[in-house]
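A short worksheet on the structure shown next.
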Amino acid sequence: MTVRPLRVVRTERLRSTPAAVGPALAGRAGARIARVLAVPVSRSTVLRLVDVLPEPEVPAPRVVGVDEYATRKGRHYGTVLVDIETRRPVGLLPDREAPSLASRLADRPGIEVICRDRASFFAEGAIAGAPQAVHGGTSGAT
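Numbering follows my numbering, with no gaps: position 89 of the sequence shown is 89.
Here it is as structure tokens:
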């Protein structure tokens, strides 16, 4: 005799409540709030329901900031791209090379303004990757 795993059939309310609570609170806290809302579920169930949700549509950034970050100061630097209007990062590049920046910017044709440091590799990459954009540089630290 083979034992088959139990397949749970959920009503729309039993599925949608933890799925709505999950992105805001995640595991344990989401399970507690769901229990208060009369939908008892485990924290694993809340996380599983969040995992199957589609990724939210993020509009293409219009204004992008480009700067460097250090994973190990003095040894290893990368490039961060930030949507200036939403103040959220939109990309991390593992290096500070102009071709990788140009490639990433070319993938996002809606960019209208680029705020960047005056480093030569940022200037070259920004001009090559988004020639249609207005480029603004800051003096930065010398």
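A virtual CB, placed ideally from N, CA and C, is assigned to each residue, including glycine.
Endpoints, alpha helix (DSSP H) assigned at D51
As a working note, residue 51 is residue 51 in the sequence shown. R43 to D51 is the span of the alpha helix (DSSP H), which, as asked, contains D51.
Between the segment 62-73 and the segment 32-51, are three or more C-beta pairs nearer than 8 Å?
As far as the Cβ criterion goes, the segment 62-73 does not touch the segment 32-51, which means the pair count is below three.
Counting only the same chain and skipping the five closest in sequence on each side, list residues whose C-beta sits under 6 Å from that of G30.
Position 30 of the sequence shown holds residue 30. Counting only Cβ-Cβ distances below 6 Å, and skipping sequence neighbours, we find V21, G22 and V46.
In three-state DSSP terms, what is V82?
In the sequence shown, the residue the question calls residue 82 occupies position 82. Strand at V82.
Contact check, V41 vs P18, beta carbons under 7 Å:
If you number the sequence shown from 1, residue 41 lands on position 41. If you number the sequence shown from 1, residue 18 lands on position 18. It is a contact, given that the beta carbons lie within the stated cut-off.
Compute the distance between the beta-carbons of A126 and I111, then report whether it is under 7 Å.
The residue given as residue 126 occupies position 126 in the sequence shown. The residue given as residue 111 occupies position 111 in the sequence shown. No, the Cβ-Cβ distance between A126 and I111 is not below 7 Å.
Sort out for me which residues DSSP pairs A19 with in a bridge.
Walking along the sequence shown from the start, residue 19 turns up at place 19. DSSP output for A19 lists no bridge partner at all.
Through-space distance from V90 to I84, alpha-carbon basis
Residue numbering aside, residue 84 sits at position 84 when the sequence shown is read from its first letter. Residue numbering aside, residue 90 sits at position 90 when the sequence shown is read from its first letter. For I84 and V90, the distance between alpha carbons rounds to 10 Å.
Please state whether the Cβ-Cβ distance between G74 and A102 is less than 7 Å.
For the purposes of this step, residue 74 is taken as residue 74 along the sequence shown, with counting starting at 1. For the purposes of this step, residue 102 is taken as residue 102 along the sequence shown, with counting starting at 1. Their beta carbons are not under 7 Å apart, which means G74 does not touch A102 by this criterion.
Could you check the C-alpha separation between G144 and E12 for me, to the nearest Å?
Nothing about residue 144 can be read from this structure; the chain reaches only from 1 to 142.
By alpha-carbon positions, which one of D107, E97, R116 and P5 ends up nearest to V164?
Only positions 1 to 142 of the chain appear in the structure, and residue 164 is not among them; the question remains open.
Quick one: give me the first and last residue of the alpha helix (DSSP H) that A128 is part of.
Mapped onto the sequence shown, residue 128 falls at position 128. That run of the alpha helix (DSSP H) goes S120 to G129.
Among R48, D107, V50 and L92, whose alpha-carbon lies nearest the alpha-carbon of E68?
Taking the first residue of the sequence shown as 1, we reach residue 68 at position 68. Nearest C-alpha to E68: L92.
Assuming Y77 and R96 form a contact by the criterion Cβ under 8 Å, report the distance between their Cβ atoms to the nearest whole angstrom.
What you label residue 77 is simply residue 77 of the sequence shown in a count that begins at 1. What you label residue 96 is simply residue 96 of the sequence shown in a count that begins at 1. The Cβ separation is near 5 Å, so the contact holds.
Given a cut-off of 7 Å on the beta-carbon distance, is the pair F121 and A106 in contact?
For the purposes of this step, residue 121 is taken as the residue at position 121 of the sequence shown. For the purposes of this step, residue 106 is taken as the residue at position 106 of the sequence shown. No, the Cβ-Cβ distance between F121 and A106 is not below 7 Å.
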